[in-house]
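> Sharing a structure below in structure tokens format, with a few things to ask.
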Amino acid sequence: MEAVAWIVHPAAGLALGLFASVLFSKRGRQWEAVAFASALLLLLAVLGADWDVHPAAGMLLGYFGSTAFGHWQKRWPALLAALVASGFFMLVGADWMIFPLAVMGLIWLFTAAFSFVGRSDKTQVGAAPKAPAELPEQAGGFSLGSWFGAGEKHWELVTATPAPARVPGPKVAPQPAADPYTEWMRDSRLPGEARAQLVALNLRTKEALTHLHGLDQQGSEAEYLARAIREEYVPTAVSAYLKLPRTRADTAPIEGGKTGRDLLREQLDLLLEAVQDILDATLQAGGRELLTHQRFLEDRFGTAAEKADDLKV
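If you're matching positions, the sequence shown starts at 6 in the working numbering and goes up one per residue.
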């Protein structure tokens, strides 16, 4: 008997968990589940865990508050089972719940009467409903029917069908700008030697700009000159040549017996020499840094010849 007296208390805790899961889930609509969970708590209270009726009574009050003031017509069997369980809980020891239960009962009677009056007004014969100027819900207030379980709305609002949203078409990625040097290499209007010079200019200007960036000389005079040669001076020379008449560009002298083909070749040679000078300058700048490091290493560790003499000794 002592073992039974001891085990009823943890069993009562488990039964309370079951009771809460029944009340506040879909099973709370089934009177059989509510009655079974309540009977289990009453049995454990009789066996010695009489304290379990107090939290169970509080759960019942919450159950009434969340269920009895809504669509209670569909749940009245479960509500009746909970009300009967409340009476047994009060007999076992939770007699304090009579006061909140009585207050909730009075509120329920008032709201039920209010809902009945609203439904009777709706069913009057020959009464054609007119849409009110503004319903309480439309004005930002609360609908008494939704709070107190009126069940059905008095008026049916007609909402305009929204226009179908426009589906944006697939975004077309912008095409990257074509490299003029690539186009010039394929342009048959340019002489073969000019296209070879343009290939060299394309490679050497890229190399010069890469080396200058590696030396942290962005914005320097050399970087500005290399970029101007690549993006301004070369395109200007090629564009001027392509504007000449095709039948006369390579044969008719323009100045000093030189044809347009000769002038284009000379201008591209001048630009190639300018880019080569920039590359030589970057080589010297990089070489100075390499020589400075060489001198530091020699001062720090000695020359290779001195190391060889030390090893011989």
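The beta carbon of each residue, even a glycine, is placed where N, CA and C say it ideally should be.
On a predicted model such as this, the values are computed, not experimentally measured, just so you know.
Would you mind listing the beta strand (DSSP E) stretches within the segment 240-281 that are 3+ residues and don't spill past its ends, in chain order?
Entirely contained in the segment 240-281, the beta strand (DSSP E) runs reaching 3 residues are, in chain order, 258-260.
> Using C-beta distances below 8 Å, list every residue in its chain close to tryptophan 36, excluding the 5 sequence neighbours before and after it, in chain order.
Here residue 36 refers to the residue found at position 31 when the sequence shown is read from its first residue. Pro82, Ala83, Leu85, Ala86.
> Using C-beta distances below 8 Å, list every residue in its chain close to proline 105, excluding the 5 sequence neighbours before and after it, in chain order.
Within the sequence shown, the letter at position 100 stands for residue 105. Correct list, in chain order: Leu66.
> Pick helix, strand or coil for arginine 80, following the three-state DSSP scheme.
If you number the sequence shown from 1, residue 80 lands on position 75. DSSP places arginine 80 in coil when its eight states are reduced to three.
> In three-state terms, what does DSSP make of aspartate 304?
If you number the sequence shown from 1, residue 304 lands on position 299. Three-state result, aspartate 304: helix.
> Whole angstroms is fine: what's the gap from alanine 144's alpha carbon to phenylalanine 69's?
Here residue 144 refers to the residue found at position 139 when the sequence shown is read from its first residue. Here residue 69 refers to the residue found at position 64 when the sequence shown is read from its first residue. Unreliable placement is indicated for alanine 144, whose pLDDT of 43 sits below 50; the coordinate value is still reported in the next sentence. C-alpha separation (whole angstroms): 30 Å.
> Could you tell me whether the segment 192-210 touches the segment 272-279, where touching means 3 or more Cβ pairs closer than 8 Å?
Contact holds: three or more Cβ-Cβ distances are below 8 Å.
> Which of the three DSSP states is assigned to proline 105 in this structure?
Taking the sequence shown and counting its residues from 1, the one referred to as residue 105 is at position 100. Looking at proline 105 - three-state DSSP - the assignment turns out to be helix.
> Anyone know if the C-beta pair for alanine 16 and leucine 46 falls short of 8 Å?
By 1-based counting over the sequence shown, the position of residue 16 is 11. By 1-based counting over the sequence shown, the position of residue 46 is 41. Taking 8 Å as the Cβ cut-off, alanine 16 and leucine 46 do not qualify as a contacting pair.
> Return yes when the Cβ of alanine 62 is within less than 8 Å of the Cβ of serine 91, no when it is not.
Reading the sequence shown from its first residue, position 86 is the one you call residue 91. Reading the sequence shown from its first residue, position 57 is the one you call residue 62. Contact: yes.
> Helix, strand or coil for alanine 99, going by three-state DSSP, please let me know.
Numbered from 1 along the sequence shown, position 94 holds the residue referred to as residue 99. DSSP places alanine 99 in coil when its eight states are reduced to three.
> For alanine 40, I'd like the list of residues in its chain whose CB is within less than 6 Å of its CB, leaving aside the five on either flank, ordered along the chain.
By 1-based counting over the sequence shown, the position of residue 40 is 35. Excluding sequence neighbours, alanine 40 sits near Ala86.
> Excluding the 5 residues preceding and the 5 following proline 240 in the sequence, name in chain order all residues of the same chain whose CB lies nearer than 8 Å to its CB.
In the sequence shown, counting from the first residue as 1, residue 240 sits at position 235. Answer for proline 240: Pro185, listed in chain order.
> Could you give the distance in angstroms between the alpha-carbon of alanine 242 and the alpha-carbon of leucine 269?
The residue given as residue 242 occupies position 237 in the sequence shown. The residue given as residue 269 occupies position 264 in the sequence shown. Alanine 242 and leucine 269: Cα-Cα distance of roughly 7 Å.
> Grouping DSSP H, G and I as helix and E and B as strand, with all else coil, what is leucine 66?
As a position in the sequence shown, residue 66 is number 61, starting the count at 1. Correct three-state label for leucine 66: helix.
> Taking C-alpha atoms, which residue in Leu249, Leu277, Gly53 lies nearest to glycine 4?
Any answer about residue 4 is impossible in this case: the structure gives the chain only from 6 up to 318.
> Please state whether DSSP places glutamine 35 in a helix, a strand or coil.
As a first step, residue 35 must be located in the sequence shown, where it is residue number 30. Note: glutamine 35 maps to coil in three-state DSSP.
> Kindly list the residues whose CB is nearer than 8 Å to the CB of tyrosine 246, restricted to its own chain and excluding five residues on each side of it in sequence; keep chain order.
Indexing the sequence shown from 1 puts residue 246 at position 241. Leu195, Ala199, Ala254, Gly265, Arg266, Leu268, Leu269, listed in sequence order.
> State the DSSP-derived secondary structure class of serine 71, mapped to helix, strand or coil.
Here residue 71 refers to the residue found at position 66 of the sequence shown. Residue state, collapsed to three classes: helix.
> Does glutamine 222 come out as helix, strand or coil in the three-state DSSP assignment?
As a first step, residue 222 is located in the sequence shown; it is residue number 217 there, counting from the start. Here glutamine 222 sits in coil by DSSP.
> Around the Cβ of phenylalanine 301, are there at least 16 other Cβ atoms within 10 angstroms (buried) or fewer (exposed)?
Mapped onto the sequence shown, residue 301 falls at position 296. Looking at its Cβ environment, which holds fewer than 16 other Cβ atoms inside 10 Å, phenylalanine 301 is exposed.
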